[in-house]
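Everything on this sheet refers to the single structure shown next.
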Amino acid sequence: MNMTGIIFSEMYNDELNAFTHDRNMAAIPFGGRYRLIDFTLSNMVNSGITNVGVLAKQHYHSLMDHLANAQEWDLNRKNGGLMLLPPFATESFNQMHRGKLDDLRNALNYLKGAATPYVLLASAHALCNLDYRLALESHVASGCDITVVATQADGASQELCSLVLDCDPAGKVRSCAINHPAPSGSFAGMGTYLIDRELLIQVVRSYTAQGAYDLERDFIQSQFNQGRLSINVYQFDDVVLRVRNVTEYFQSNLALTQDQVRRSLFRAGAPIYTRVHDEVPTYYGMDCSVSGCIIADGCIIEGNAEHCVLSRGVRIGKGASIRDCIIMQGSVVGEGSVLENVIVDKWATISAGTELKGLASAPVIIRKGVTV
Numbered sequence: 244m245n246m247t248g249i250i251f252s253e254m255y256n257d258e259l260n261a262f263t264h265d266r267n268m269a270a271i272p273f274g275g276r277y278r279l280i281d282f283t284l285s286n287m288v289n290s291g292i293t294n295v296g297v298l299a300k301q302h303y304h305s306l307m308d309h310l311a312n313a314q315e316w317d318l319n320r321k322n323g324g325l326m327l328l329p330p331f332a333t334e335s336f337n338q339m340h341r342g343k344l345d346d347l348r349n350a351l352n353y354l355k356g357a358a359t360p361y362v363l364l365a366s367a368h369a370l371c372n373l374d375y376r377l378a379l380e381s382h383v384a385s386g387c388d389i390t391v392v393a394t395q396a397d398g399a400s401q402e403l404c405s406l407v408l409d410c411d412p413a414g415k416v417r418s419c420a421i422n423h424p425a426p427s428g429s430f431a432g433m434g435t436y437l438i439d440r441e442l443l444i445q446v447v448r449s450y451t452a453q454g455a456y457d458l459e460r461d462f463i464q465s466q467f468n469q470g471r472l473s474i475n476v477y478q479f480d481d482v483v484l485r486v487r488n489v490t491e492y493f494q495s496n497l498a499l500t501q502d503q504v505r506r507s508l509f510r511a512g513a514p515i516y517t518r519v520h521d522e523v524p525t526y527y528g529m530d531c532s533v534s535g536c537i538i539a540d541g542c543i544i545e546g547n548a549e550h551c552v553l554s555r556g557v558r559i560g561k562g563a564s565i566r567d568c569i570i571m572q573g574s575v576v577g578e579g580s581v582l583e584n585v586i587v588d589k590w591a592t593i594s595a596g597t598e599l600k601g602l603a604s605a606p607v608i609i610r611k612g613v614t615v
């Protein structure tokens with residue numbers, strides 16, 4: 244394959260701090276059985292990429308545990324395969340890793356050793372089922388310096404996008420904005436880029452030497468505005484679930500209860516791989532009621548669940564009622580409890596008779612291992 248894959252496992256902000264105080268962003272559980280990184284990594288493997296580096300800044304023990312030897316993705320190879328790229332230990336560690344260029348600086352040796360002409364840079368927060376080979380074909384045909392994988396915006400979301408591009412009717416990029424809502428008709432970047440490997444090495448070396456660290460602001464926007472960078476846009480028209488903050492994480496999880504979303508993300512010809520844990524089937528009590536839920540194996544459900552996502556080993560007690568909730572691995576909802584718009588992290592306990600109600604735009608969050 245002509246591409247080497249690089250996955251950014253961090254967000255470079257604190258929008259997901261509720262889940263990342265002791266885990267890497269890419270290792271956040273999703274959809275009852277997956278981690279965020281599974282989607283980007285599976286897309287790379289399904290696109291024929293066999294050399295993948297994962298850039299990790301901190302709290303990457305859970306990420307290492309999940310990826311293990313990468314056999315689930317067929318990347319446990321003698322040549323190539325998966326490599327975790329943690330930061331170098333230096334005296335200036337606390338000042339480093341402010342952005343993607345900082346992390347790429349620590350991957351320079353990996354990039355120089357890659358035997359492919361192109362590098363695919365991808366973030367773990369945009370969940371989709373995407374064939375990167377089509378993006379590469381578009382990049383090569385365009386002759387541009389960099390290709391941005393993006394979706395066309397409808398203007399409904401006011402969330403800030405790391406990169407927003409405006410194109411003329413012929414598809415030529417006219418303007419470039421960062422950290423801005425995407426107006427209707429514009430293109431919202433997915434944090435995924437294709438670039439020549441030698442050019443990327445040159446950019447990382449020269450920009451980080453000048454103290455620049457933000458890929459989108461310091462390189463893409465700056466060079467484009469000076470007329471020194473040509474940008475190609477590869478438009479992706481299928482479902483993309485973005486996880487840039489708690490609200491998006493909550494809504495993206497619950498979106499999996501929709502048939503259209505599941506059909507788009509999980510395809511027979513391009514599966515999403517993950518680390519497999521063998522569990523007994525879920526037990527449904529005689530008096531339970533379940534509708535519109537995503538439920539993993541190993542659960543015990545004796546209460547009522549509506550429009551929820553339950554990870555493996557979750558217990559819902561008798562008389563408990565949960566609606567629009569995300570309950571992660573090993574957590575317990577006690578008898579008679581009422582939960583609505585709540586995210587319960589792993590190994591937490593909701594005591595019997597507890598009532599917790601949040602909003603769809605501001606769900607209640609119970610942290611990992613906490614008893615309420």
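Residue numbers (this note's numbering): 244 to 615. Ideal Cβ positions, reconstructed from N, Cα and C, are used throughout, including at glycine. As the structure is a prediction and not an experimental result, all values here were calculated from the model.
Shortest alpha-carbon distance to residue i belongs to which of the options?
i, options, result
"Arg448", "Asn352, Val295, Asn547", "Asn352"
"Gln572", "Ser564, Arg558, Gly562", "Arg558"
"Pro329", "Gly296, Thr517, Ala420, Leu259", "Gly296"
"Ser574", "Val587, Leu284, Tyr277, Asp281", "Val587"
"Met244", "Gly512, Met529, Cys419, Leu377", "Leu377"
"Asp567", "Glu578, Gly556, His550", "His550"
"Leu408", "Glu441, Val476, Tyr375, Asp346", "Val476"
"Ile474", "Cys419, Pro424, Asn267, Ala311", "Cys419"
"Gly414", "Gly398, Val391, Gly541", "Val391"
"Thr451", "Arg348, Ser495, Asp281", "Arg348"
"Val523", "Gly541, Trp590, Cys404, Ile537", "Gly541"
Quick check on residue i: does DSSP put it in helix, strand or coil?
i, result
"Gly432", "strand"
"Gln478", "strand"
"Ile537", "strand"
"Lys415", "coil"
"Ser564", "strand"
"Ser381", "helix"
"Arg558", "strand"
"Arg376", "helix"
"Gly356", "helix"
"Phe509", "coil"
"Asn468", "helix"
If we ignore side chains and look at the alpha-carbon of each, how far apart do residue i and residue j end up?
i, j, result
"Leu599", "Arg417", "48 Å"
"Gln401", "Arg610", "27 Å"
"Gly596", "Ser580", "4 Å"
"Arg341", "Glu459", "13 Å"
"Leu363", "Ala396", "23 Å"
"Asn256", "Gln478", "26 Å"
"Ala365", "Gly248", "8 Å"
"Pro412", "Ser429", "11 Å"
"Gly470", "Ala350", "28 Å"
Let me confirm a value: residue i is counted as buried when at least 16 other C-beta atoms fall within 10 Å, else exposed. Which label applies?
i, result
"His264", "exposed"
"Gly560", "buried"
"Leu406", "buried"
"Thr394", "buried"
"Ala605", "exposed"
"Asp308", "exposed"
"Met184", "The question about residue 184 has no answer, for the chain in this structure spans 244 to 615."
"Gly432", "buried"
Indicate whether at least one CB of chain C lies closer than 9 Å to the CB of residue i.
i, result
"Pro360", "Considering every chain present, this structure includes no chain C. It has just one protein chain."
Would you say the segment 375 to 386 touches the segment 493 to 501, given that touching needs at least three Cβ pairs under 8 Å? No, the segment 375 to 386 does not touch the segment 493 to 501.
Inspect the CB distances between the segment 359 to 372 and the segment 481 to 497 and report whether three or more fall short of 8 Å. Yes: at least three Cβ pairs fall under 8 Å.
Are there three or more Cβ pairs, one per stretch, closer than 8 Å when the segment 354 to 363 is compared with the segment 258 to 276? A contact is defined here as three or more CB-CB pairs under 8 Å, and the segment 354 to 363 fails this definition with respect to the segment 258 to 276.
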